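Taking it in order: structure first as structure tokens, then the write-up.
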Amino acid sequence: MKNSRVISIWGTGGVGKTSLARKVLAQDDVKKNFTGFAWACVSQEYDVKDILMEILLKLIPNQNESVKNMINHELSEKLQGTLKEKSCIVVLDDIWTKEAWDSLQDALLVENTKSKLLITTRNRDVAEYINPQGIHELRCLSDPESWDLLKKKAFPETKEITEDMKKLAHELLMKCEGLPLAIIVLGGLLSVNKWKTIHEKINLHFSDKNDVSKVLALSYDDLPWHLKPCFLYLGSFPEDAKILATKVLYMWIAEGFVSLNAYDKEREISVEDVAEQYLEELVNRGMVQVRLKLSGKIKSCHLHDLMRDLCISKALQESFLSIHNIQQDNEMENCSASMALNVGSSCKIRRLSLNRNVIPSLKARGRTLVHLRTLMSFEGVTWDSKQFQPIFDHCMFLRVLKLENLNVKRSLPKSMGDLVHLRFLSLAGGRFNGLPQSMGNIICMEFLDLLVETYVKVSMPNVLWKMRRLRYLRLPYKFAIEEKFLWDRKKLRLGTLKNLRTLKNFNRENCDVNDVGKLTNLQTLTVFDEHDSIGLEIFPQLAEFKLKHLQSSSFYLKKYKSLWTEGELSKMSNYPHSYKLSLGGKIEKLSEQEHRSLPQQLRKLVLLFSQLEEDPMPILEKLENLVFLMLGGQAFTGKEMVCSAGGFPQLKHLLFWALPHLEEWKAEGAVPHLSRLGIAECPKLMVVPSHVSRYDGAHEIFKEGKKQGIF
């Protein structure tokens, strides 16, 4: 029976179903017995094609492009074949209905396979419908377990717990009914408040009957005034969305939610630092969940379903958010409602968010869009020129415009320059020919993301120098400077952007290196270059600049027609800010002395298509600060790699990709802190060191690498 390979974790919202599923995947026995791992969130709003594609991209990341071009039945057939060929474990997180399962099961249930399915659901009927013999009920925590969890969250290790505090804690825990999410939120409240104060507030909120939702509601009511709009703003993102921290922080700033006080200004604390403190406080209060970068800073955040329900409910009460159905130009199946954030009356929409499968029809809403401050579109919303034109015609007071995935066969209209109040603009993932000269009118811009599709070459007007308030700039991988006459062609002027803190995808073909030296507040620099003639001369040039605020630099350099000669890497040695380095192309030789030429402070290193004949590990393992290492695309053509005892003392993430000749990897006593190991397309490597186990991180690294241009 095919359904016997399906296990459902059933329990109420916030009880820890998703956390348990993650722990299952992290078990060594699971890692050893399965060769493919995939995770997909289903939730209440779902698209079958998106889910099947997401699963396949994780199981066969090397077939990325072909999978993206498949239609539904092709995805289903491909997934069935993959589950038969490999022993996979697939997690479907948060299935709400029997209909959702019916729409997915044909692609997932196959005969004669070792693959397994793990489901999480809060609906007992759904679990029984899928497989009545395969249900694991996740109960709420017992009183001792609840107390242990609260202590971890509410008490610093050095803080003494008095008997009075214990008594109060147990009274408060009764209100949580053993629900981990509520206990974590309660712990966040207690960590920043006097215990008796919280006890009094809870007694005011509660009747004789306990209600977990009121514990969550108290977490919002207890927020200081400056955090409330920041929390409510997160409700505009789709369910289960991974919200990039950098973007949401700049959205808060653009909306005016973040301000500097006299103390901040005196200590030269930036508005970005304050915004980050706001997010960290929401995290500490247990209201927001996060994923961290290698540096330990917040990479992305998301809301638990129950916390998102609270967020939307409070926004409705406070006239901050309302739900609207956007009329469709054409009828489509599975169209979900979009959300609009509304301040004041219903005819004055201030913030509008368009979610999956919604075809925007904004033309008829010109008057209601006049007061719009924020407009966001998300993955699954595709625009054409007729649909987005009303934005530029009517939304004159926009501050935040997240208009991603644009699909336009021409340049963006001149009227874009009329959005003179715009502070945040993201056109990431778009496909359009060029930007208008009128962009130079948007002098209030603070955040600008122009990272279109990798293969798209954009015509850029040389007007960014006018945006002197700009603090974050991400350029396209490929662009050309637009000039009136061919002989007038110049490099992109950036030297006037004195407030710029982050500059990404800088390249010397279209930009002047000397401009970087003028960016006196620059903290983060990313260089992307794929021209063989460039080489590594940029390192000694950058080393001459005195950028006192620069914290990290990342370099993605490709040279496929010529090779990186022995000794050429020495040009990097005197540059102190190298944080990430990706080198694509053949390396003549990596000698024993060469590791001193590699920046010793490197935390992330990617070598692709290097064709090294000698084992690189004895050299690379001496990079004491290295946290992430990827060797891919025949970076090494030998049969054996050996890491010596004590090698790679800080390495946490390691990926081997497309090393067809590698047969053995020895690492006894090395990589003591390794937490992620991804191995893909290494057919002859059958055994990994005994103290190292496979981790399903390969697909994540592939996807991340694709976005960052390391391939």
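For the sequence shown, the UniProt record's numbering gives the first residue as 1, with consecutive numbering after it.
The C-beta atom is built at its ideal place from N, Cα and C for all residues, glycine as well.
This structure is a prediction, so every number in the text was calculated from the model and none was measured.
| Counting pairs of beta carbons, one from the region 39-54 and one from the region 91-108, are three or more of them closer than 8 Å? | yes
| Roughly how many angstroms separate the alpha carbons of L369 and L422, rounded to a whole number? | Their Cα atoms are separated by approximately 15 Å.
| query | Skipping 5 residues on each side, what residues in its chain have a beta carbon closer than 6 Å to that of C682? | reply | F656, L659, L662
| If you draw a straight line from the C-alpha of S103 to the C-alpha of H73, how long is it? | Cα to Cα, the separation comes out at about 12 Å.
| Going by alpha carbons, who is nearest to S270 out of K652, P436, N521, H653? | Nearest option by C-alpha distance: N521.
| Of the residues I481, V30, M630, Q541, which one's Cα is nearest the Cα of M115? | Here residue 115 is Ser; the residue named in the question, Met, does not match the sequence. Out of I481, V30, M630, Q541, V30 has the C-alpha closest to the C-alpha of S115.
| query | Is the beta carbon of I443 sitting closer than 7 Å to the one on M467? | reply | yes
| said: Rounded to the nearest angstrom, what separates Q551 and K293 at their Cα positions? | reply: Per the coordinates, the alpha-carbon of Q551 lies some 15 Å from the alpha-carbon of K293.
| field | Top-ranked residue by Cα proximity to D28, from K684, M686, S675 | value | S675
| With 16 other CB atoms within 10 Å as the buried threshold, where does S582 fall? | buried
| query | How many angstroms separate the CA atom of G344 from the CA atom of S319? | reply | Residue confidence for G344 is low, a pLDDT of 37 falling below 50, so the modelled location carries little weight; the figure read from the coordinates is stated next. In a straight line, the C-alpha of G344 is about 7 Å away from that of S319.
| What are the boundary residues of the beta strand (DSSP E) that includes C41? | 36-41
| request: Say whether the region 466-482 touches the region 490-505, bearing in mind that this needs 3 or more beta-carbon pairs closer than 8 Å, one atom from each stretch. | output: yes
| query | DSSP on L234, reduced to helix/strand/coil? | reply | If DSSP states are grouped into helix, strand and coil, L234 belongs with the helices.
| field | Three-state secondary structure (DSSP) of T520 | value | coil
| field | Proximal residues to V671 (C-beta, below 6 Å), its chain only, five neighbours per side dropped | value | F648, L651
| field | Residue environment, H302, which counts as buried when at least 16 other CB atoms sit within 10 Å | value | buried
| field | DSSP state of M641 mapped onto helix, strand, coil | value | strand
| task | Confirm, please, whether the CB-CB distance from A254 to residue 727 is below 7 Å. | result | The requested residue 727 is not part of the displayed model; the chain covers only 1 to 711.
| Thinking C-beta only, is L412 closer than 7 Å to C395? | no
| Looking at D449 and the ligand FAD, is the gap between the Cβ and the nearest heavy atom below 6 Å? | As far as ligands go, the structure on display features none, and thus does not contain the ligand FAD.
| Exposed or buried, R22, counting other C-beta atoms within 10 Å across all chains shown (16 or more means buried)? | By the neighbour-count criterion, in which 16 or more other beta carbons inside 10 Å mark a residue as buried, R22 falls on the exposed side.
| What three-state label does DSSP hand E333 in the structure shown? | With a pLDDT of only 30 at E333, under 50, the local geometry of the prediction cannot be trusted, and the value read off the model is given with reservation. Reduced to three states, the DSSP call for E333 is coil.
| task | Quick one: grab the DSSP three-state call for R22. | result | helix
| request: Along the alpha helix (DSSP H) that carries W147, what are the first and last residues, could you check? | output: 143-154
| message | Using a Cβ-Cβ cutoff of less than 7 Å, which residues in the same chain neighbour I587 once the five nearest sequence positions on both sides are dropped? | response | L563, W564, S610, L612
| request: Check V343 in the structure and name its three-state DSSP category. | output: Here the model assigns V343 a pLDDT of 34, short of 50, so the residue's position is not dependable, and the following value carries that caveat. V343 falls in the coil class under three-state DSSP.
| message | Rounded to whole angstroms, what is the Cα-Cα separation between T121 and M287? | response | 22 Å
| said: Along the chain, where does the alpha helix (DSSP H) containing C176 start, and where does it finish? | reply: 163-176
| query | C429 and N407: beta carbons closer than 7 Å? | reply | The amino acid occupying residue 429 in the given sequence is Gly; Cys does not appear at that position. Against a cut-off of 7 Å, the Cβ pair of N407 and G429 comes out as no contact.
| task | Given a cut-off of 7 Å, decide if V90 and L56 are closer than it, judged by their beta-carbon atoms. | result | With contacts defined by Cβ atoms closer than 7 Å, L56 and V90 do not form a contacting pair.
| field | H653, DSSP secondary structure in three states | value | strand
| task | Can you tell me which of G678, F555, E145, W665 puts its alpha carbon nearest to the alpha carbon of L685? | result | W665
| message | Out of V42, M174, G296, K622, which one is the CA nearest neighbour of W101? | response | V42
| Is M376 helix, strand or coil by DSSP? | Strand.
| Limits of the unbroken alpha helix (DSSP H) element including P618 | 617-620
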